[in-house]
Amino acid sequence: METRASRTRKRTRNAQFRKQDSSSIIPSLPLEIGVEILSKLPVKSLLQFRSVSKSWLSLISSSEFINTHLRSCSNNKEYNYHRIILNFTCNLKDFPLHSLIYNPITEASEMDYPMKNSLTRWCDTANGLICLANKENSDKPMRMTNKLPSSGVNLYIWNPSIRKSRKLPDSGVKSKWFCSTYFRYGFGYDELHGDYKLVVIFNIFDDHRDDYAPFETKVKIYSLKSDSWRTVEDFEGSSLIDCSAKFVKGKLYWTKSATACEYNSEYGCCIIHFYEYDHGNSCDIISFDLAHETWGKVEQPNYGKGRFALRLGVLGSDLVVLCNYEGSHSDVWVMKDYGVKASWTKMFTIDCYDDPGKYEYYPRCYMPFSPPFYELYKGEILLLY
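Residue 297 in UniProt numbering sits at position 297 of the sequence shown, with consecutive numbering throughout.
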């Protein structure tokens, strides 16, 4: 029979156990193993575990653990935490990459993002954070490209995992009378300073000129840590071709036309041209170092002869270039070592196939729209056509 004294001791032990810090709940478990276990859990579970104790809250909220969790998710070979986001329309949709691997047909669902009922479009992403642009008080939808209307655009950084967002302060760049302002984005993580940065390049065009050259260019950079904008040095040369940059190993990458680049006044985008490589490459790849905030130029591989268009992408942790040869094939190049021309390697060649299409404006030869997104463990690649 349980005595009164034993019942008192039992209640005391239970009370002491409830007061114990999480670090001593399982005394035999080393901290490193606990961190490794937690880093393999989905974000939803981690959000719940933050309420276990103050030490768990401190651990899960620390930048060191967040980076460890990001690396763990990125290296997951089953792609359990990877999602594909479709931004071809005003409504963002997504689906898990894991389901696409095992099911030939996967249905995308609408995302619940800030300003969903407004005119919102995707700009760029880094480490699971998404930059969104929202055009208010307009009866026209926000195009997939980047024309800045006179009413202005609000920018947001959104974390879909925890469903929180931050509205960015105004950049201070305004449209001018009889001018059109187009902007390009680049969003990435500055590991040296532990800061997410958004680079916005504003090209201001005179609507009465036909040379397609901006008469003024401004480059602004936003720091998430300081929640403020600064003006940085502009790059040399003409217009950027890409609407958004590719973020690889602390640097942002765009393709840039060496000559004035024609813009579409309706969509606010740069018209892609096929360049004749025989007469010299007219398309450059430029970089922006987020830590040192400096511009650079990337040496390109020897693509060969012919007319081609370039598109940048990211495969794993490497920069890749899709070289589309007009009406023929596409080569995929990967850069293993930044700035070293000899490190460019041609991974494979993709033959285009004939497709008459349903509409007259469809090309007869179907070519990849972007470089591979993923190289799966079976040797398969994921492409967007």
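All C-beta atoms, glycine included, are put in the ideal place defined by N, C-alpha and C.
| Asked | Found |
| --- | --- |
| Inter-residue spacing [alpha-carbon to alpha-carbon] between Ser-328 and Val-321 | 17 Å |
| According to DSSP, residues forming a beta bridge with Trp-158 | Ile-130, Ser-165 |
| Proximity of Asp-234 and Lys-256 at Cβ, strictly below 8 Å | no |
| Minimum C-alpha distance to Ile-84 - residue among Lys-164, His-69, Leu-70, Ile-101 | Ile-101 |
| Closest Cα partner of Leu-240 within the set Gly-172, Gly-306, Arg-184, Ile-221 | Arg-184 |
| Other residues of its chain near Phe-288: CB distance less than 7 Å, five sequence neighbours each side excluded | Gly-186, Val-199, Lys-251, Leu-252, Trp-295 |
| Helix, strand or coil at His-329 [DSSP, three-state] | strand |
| Spatial neighbours of Leu-97 in its chain, beta-carbon cut-off 6 Å, leaving aside the 5 residues before and after | Tyr-79, His-82, Ile-84 |
| Backbone CA spacing between Ile-33 and Asn-91 [nearest angstrom] | 41 Å |
| Backbone secondary structure at Leu-240 - three-state DSSP | strand |
| Beta-carbon gap between Asp-195 and Leu-224 smaller than 8 Å | yes |
| Cut-off 7 Å between Cβ atoms - residues of its own chain near Lys-40, not counting five sequence neighbours on either side | Ser-72 |
| Start-to-end residues for the beta strand (DSSP E) that takes in Ser-257 | 251–257 |
| Ala-108 beta carbon less than 8 Å from that of Leu-86 | yes |
| Three-state secondary structure assigned by DSSP to Val-340 | coil |
| Contact under 8 Å by Cβ, Trp-254 with Pro-301 | no |
| Pro-114, buried or exposed, once every other Cβ within 10 Å from all chains shown has been counted against 16 | buried |
| Whole-angstrom distance between Gly-188 and Val-248, CA atom to CA atom | 8 Å |
| Alpha-carbon to alpha-carbon, Leu-310 and Asn-203 | 21 Å |
| Residue range of the unbroken beta strand (DSSP E) whose run includes Ile-85 | 83–86 |
| Spatially closest choice to Gly-339 from Lys-346, Lys-297, Ser-161, by CA coordinates | Lys-297 |
| CA nearest to the CA of Leu-155, picked from Arg-163, Lys-164, Ile-162, Asp-170 | Asp-170 |
| Contact under 8 Å by Cβ, residue 387 with Val-153 | Absent from the structure is residue 387, since the part of the chain shown begins at 1 and ends at 385. |
| Candidates Ser-244, His-69, Glu-299, Tyr-325: closest to Phe-308 by CA position | Tyr-325 |
| Reference Asn-75; option with closest CA among Trp-333, Lys-341, Gly-313, Asn-127 | Asn-127 |
| Cys-123 beta carbon less than 8 Å from that of Ser-244 | yes |
| Any alpha helix (DSSP H) of 4 or more consecutive residues that is wholly inside the stretch 49–75 | 54–61, 63–74 |
| Extent of the continuous alpha helix (DSSP H) to which Val-35 belongs | 31–39 |
| Bounding residues of the alpha helix (DSSP H) (the contiguous stretch that carries Ile-286) | Run containing Ile-286: none in the alpha helix (DSSP H); it sits in the beta strand (DSSP E), 283–289. |
| Residues near Asn-347 by beta carbon distance below 6 Å, same chain, minus five either side | Contrary to the premise, residue 347 reads as Met rather than Asn in this sequence. Taken in chain order, the residues that qualify are Val-332, Val-334. |
| Integer-rounded CB distance, given that Ile-162 should sit under 8 Å from Val-35 | Going by Cβ atoms, the distance from Val-35 to Ile-162 rounds to 20 Å, so no, they are not a contact pair. |
| Identity of the residues DSSP links to Thr-231 by a beta bridge | Lys-220 |
| Reduced DSSP secondary structure (H/G/I, E/B, other) of Tyr-113 | coil |
| Local conformation of Leu-319 per DSSP, three classes | strand |
| From Glu-64, Asn-159, Leu-319, Gly-313, residue whose alpha carbon lies closest to that of Met-111 | Asn-159 |
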